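The sequence shown begins at 211 in this note's numbering and counts up by one. Glycine included, each C-beta is placed from N, C-alpha and C at the ideal position. Values in this document were obtained by computation on a predicted structure and should not be read as measured data. Here is the structure we will look at.
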Amino acid sequence: EWLGDDRYGDTRQSLDNPLAAVQMGLIYVNPEGPNSNPDPLLSAQDIRETFARMAMDDAETVALTAGGHTFGKAHGAGDADLVGTEPEGSSIEEQGLGWISTHGSGKGRDTITSGIEGAWTANPIQWDNGYFDLLFKYEDTWTLEKSPAGANQWTPSNQDTDDMAPDVEDSSMKVPTMMTTADMAMIRDPEYRKISKHFHENPEIFADAFARAWFKLLHRDMGPKARYLGPDVPSEELIWQDPVPAGSTSYDVNAVKGAIKSSGLSISEMVETAWASASTYRGSDNRGGANGARIRLAPQKDWQANKPEQLSKVLATLTGIAEAHGASIADTIVLAGNVGIEMASGAEVPFMPGRGDATDEQTDADSFAVLEPRSCGFRNFLKKNYSVSPEEMMLDRAQLLGLTAPEMTVLVGGMRSLGVSSDDRGLFANGSTLSNEWFNTLIDMSVKWTPTGSNSYDAHDRSSGEKVRSATRYDLVFGSNSQLRAIAEVYAQDDSKDKFVADFIIAWNKVMNADRFDAA
């Protein structure tokens with residue numbers, strides 16, 4: 211529901227992860243206050259939570275709020291009911307136009323958008339310290355009022371003419387400035403007030419803080435610095451860019467593979483660890499992935515999906531091998547997965563060295579927490595039941611990894627055939643051979659599947675009634691969905707054994723190298 215409160219649990223601190231906007235339809239928080247309640251201290255709670263979800267601390271939050279509101283104005287010149295539907299909801303002849311307003315001219319001083327009306331500063335087209343000047347100058351006289359559109363906003367009593375803003379159509383006219391409830395939080399919340407006062411008294415520090423926070427906000431989804439282009443790329447290494455040191459390419463790859471093969475690690479342990487490392491990659495913001503080997507650092511090493519106890523054992527072995535051969539741990543983890551696949555298939559898996567190992571000092575642990583997989587269909591893992599189905603969450607993970615439907619299908623079938631499953635459900639094969647056996651078993655019509663829970667199913671032989679296997683929704687969707695079943699039936703064919711192995715290796719290699727921007 212538009213502006214609904216469904217994203218919260220019992221308290222205001224229980225906003226659903228990984229969401230940041232407090233209500234459907236908002237970018238950050240409700241500027242009028244929580245659910246339009248004009249309480250600056252309650253607004254501060256929402257602001258702090260939302261901006262923390264964006265990996266912004268209090269200083270960055272104040273800088274972005276003040277800097278952003280140094281420019282421009284809000285528009286609420288009249289009743290919001292006078293504004294038409296959005297572009298997608300408008301008739302086809304509108305050709306992309308939307309929100310057509312019948313209030314006056316519908317533009318200029320008659321514009322209606324947020325419903326809040328007015329500029330924040332006296333010179334809304336100039337970078338200055340006007341935002342803090344007005345906040346503090348009138349801090350004892352800010353009065354809660356209603357905009358012409360009926361929105362809650364704050365206006366200073368007896369404002370000096372010099373502190374007023376120019377009218378949007380006639381700059382010789384002066385109109386009062388305003389602040390939103392969210393703006394008032396910048397001086398009413400004790401921590402925000404300290405920062406606001408510091409910025410007010412030190413304009414140069416404020417300007418630098420805003421520039422840094424703005425750069426972070428606009429570049430956060432571009433991934434590591436290796437993806438930046440142009441003469442204005444800053445030389446400074448910033449922790450939110452998820453920096454990774456350069457790795458080595460001069461070590462003996464075959465020697466490392468030999469050491470891994472004789473290490474005593476099982477095929478499923480090697481494959482599952484490599485997948486856990488690489489599959490954090492998100493094409494949406496180019497974060498995560500195997501480069502950096504952050505799976506050995508907090509918080510990733512403790513994520514439930516990564517089986518911390520097993521992971522600790524595997525990493526201890528692989529770290530020793532990496533150190534003995536001059537390879538990075540990141541490369542060694544990927545190599546271990548490749549070795550497991552080669553042992554299980556007899557085929558060669560391509561490998562590109564050069565990954566580096568990030569340090570704790572180069573890792574913002576709080577920021578990386580949002581990458582935690584709450585669902586991983588490839589590993590048959592579901593942390594808990596969600597409003598979204600497991601198979602839909604698997605599709606979301608696949609698209610974040612840049613996978614096609616056939617690539618997702620072959621990877622799931624291959625991972626199961628190699629014994630990768632968080633609770634052993636969906637393991638229809640022997641776990642030591644990369645084969646298409648899983649698909650053959652999946653589409654077997656001699657069994658009847660019955661639900662045993664929200665994400666668990668048992669198969670019983672139709673003749674004897676004997677239970678023969680178990681599975682999850684992640685598994686059964688490949689037999690239930692018509693498009694995925696068509697792909698599964700291709701891989702299940704007797705003459706598709708070689709195709710299955712070849713396609714699995716191609717898709718596997720794609721995931722292992724998804725974050726190799728340094729080699730692009």
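Between the CA atoms of residue j and residue i - distance to the nearest angstrom
| i | j | result |
| --- | --- | --- |
| MET655 | GLY636 | 16 Å |
| ASP574 | PRO560 | 31 Å |
| GLY468 | GLN693 | 41 Å |
| PHE281 | GLU327 | 14 Å |
| GLU689 | VAL620 | For the record, residue 689 in the displayed sequence is Gly; it is not Glu. So the alpha carbons of these two residues sit roughly 13 Å apart. |
| GLN572 | TYR438 | 18 Å |
| LEU225 | GLN233 | 10 Å |
| THR221 | THR260 | 14 Å |
| LEU344 | ASN247 | 23 Å |
| TRP352 | ALA287 | 20 Å |
| MET432 | ASN496 | 6 Å |
| GLY587 | ASN640 | 19 Å |
| ASP216 | PRO616 | 35 Å |
| GLN510 | ALA265 | 17 Å |
| GLU479 | ALA540 | 16 Å |
| TRP212 | VAL544 | 44 Å |
| PRO444 | GLY457 | 22 Å |
| GLY299 | MET389 | 32 Å |
| VAL657 | ASN646 | 19 Å |
| LEU686 | SER406 | 55 Å |
| PHE727 | ASP452 | 13 Å |
| GLN609 | MET618 | 9 Å |
| SER577 | TRP450 | 8 Å |
| PRO600 | VAL622 | 14 Å |
| GLU199 | THR643 | Here the chain comprises residues numbered 211 to 730, so residue 199 is not present and cannot be evaluated. |
| LYS356 | LYS426 | 34 Å |
Neighbourhood of residue i by C-beta distance below 7 Å, restricted to the same chain and skipping five residues each side
| i | result |
| --- | --- |
| ASN723 | MET562 |
| GLY499 | ALA488, THR490, TYR491, ALA724, ASP725 |
| ILE257 | VAL239, THR271, ALA392, ALA395 |
| ASP570 | LEU507 |
| LEU354 | PRO248, ASN362, TRP364 |
| TYR402 | ALA254, ASP268, VAL272, ALA395, MET396 |
| VAL700 | SER706 |
| PHE342 | ALA276, SER406, PHE409, HIS410 |
Contacting residues, own chain, Cβ-Cβ under 8 Å from residue i (five flanking each side not counted)
| i | result |
| --- | --- |
| TYR596 | ARG584, SER585, MET603 |
| ARG398 | PRO250, LEU251, ALA254 |
| LYS317 | SER311 |
Element boundaries [alpha helix (DSSP H), containing residue i]
| i | result |
| --- | --- |
| GLU571 | First-last for GLU571: undefined, no H or E at that position. |
| GLU533 | 518-535 |
| GLN693 | 692-702 |
| GLN609 | 600-610 |
| PRO366 | First-last for PRO366: 362-366, but that is the beta strand (DSSP E), not the alpha helix (DSSP H). |
| THR271 | 268-278 |
| HIS285 | That residue, HIS285, is in no alpha helix (DSSP H); it is neither H nor E in DSSP. |
| GLN255 | 250-263 |
| GLU411 | 400-411 |
| TYR238 | It is not in any alpha helix (DSSP H) - TYR238 carries neither H nor E in the DSSP assignment. |
| VAL622 | 615-627 |
Bounding residues of the beta strand (DSSP E) (the contiguous stretch that carries residue i)
| i | result |
| --- | --- |
| HIS670 | 666-671 |
| VAL657 | 657-663 |
| SER677 | With the sequence shown as reference, residue 677 is identified as Lys, and Ser is not the correct amino acid for it. Residues 677-681. |
| TRP212 | TRP212 -> no beta strand (DSSP E), and no H or E assigned at all. |
| THR353 | 352-356 |
Proximal residues to residue i (C-beta, below 6 Å), its chain only, five neighbours per side dropped
| i | result |
| --- | --- |
| TRP513 | GLU582 |
| ALA537 | TYR461, VAL466 |
| ASN245 | none |
| THR662 | ASP668 |
| ARG263 | ALA230 |
| ALA515 | PRO583, CYS586, PHE591 |
Whole-number beta carbon distance between residue j and residue i, since they are thought to touch under 8 Å
| i | j | result |
| --- | --- | --- |
| ILE531 | ILE470 | 6 Å |
| THR331 | HIS285 | Actually they do not touch by this definition, with Cβ atoms about 16 Å apart. |
| ALA486 | ILE505 | 6 Å |
| ALA484 | GLY564 | Not a contact, Cβ separation roughly 16 Å. |
| ALA361 | GLU242 | 6 Å |
| ARG626 | TRP659 | Not a contact, Cβ separation roughly 16 Å. |
| GLY493 | LEU307 | Not confirmed; about 32 Å, so no contact. |
Residue i beta carbon near the ligand COA (any heavy atom closer than 7 Å)
| i | result |
| --- | --- |
| GLN693 | Although the ligand COA was asked about, the structure shown includes no ligands whatsoever. |
So does the region 405-421 actually touch the region 266-277, counting three or more Cβ pairs closer than 8 Å?
-> yes
Assess, as a yes-or-no matter, whether the region 398-414 is touched by the region 362-380 under the definition of 3 or more beta carbon pairs within less than 8 Å.
-> no
Between the region 520-529 and the region 473-489, are three or more C-beta pairs nearer than 8 Å?
-> yes
Decide if the region 624-639 is in contact with the region 667-683; the criterion is three or more beta carbon pairs, one per stretch, under 8 Å apart.
-> yes
Just checking, does the region 699-713 make contact with the region 668-679 on the three C-beta pairs under 8 Å criterion?
-> no
Are there three or more Cβ pairs, one per stretch, closer than 8 Å when the region 304-312 is compared with the region 280-296?
-> yes
Three CB pairs or more closer than 8 Å across the region 329-345 and the region 373-388 = yes
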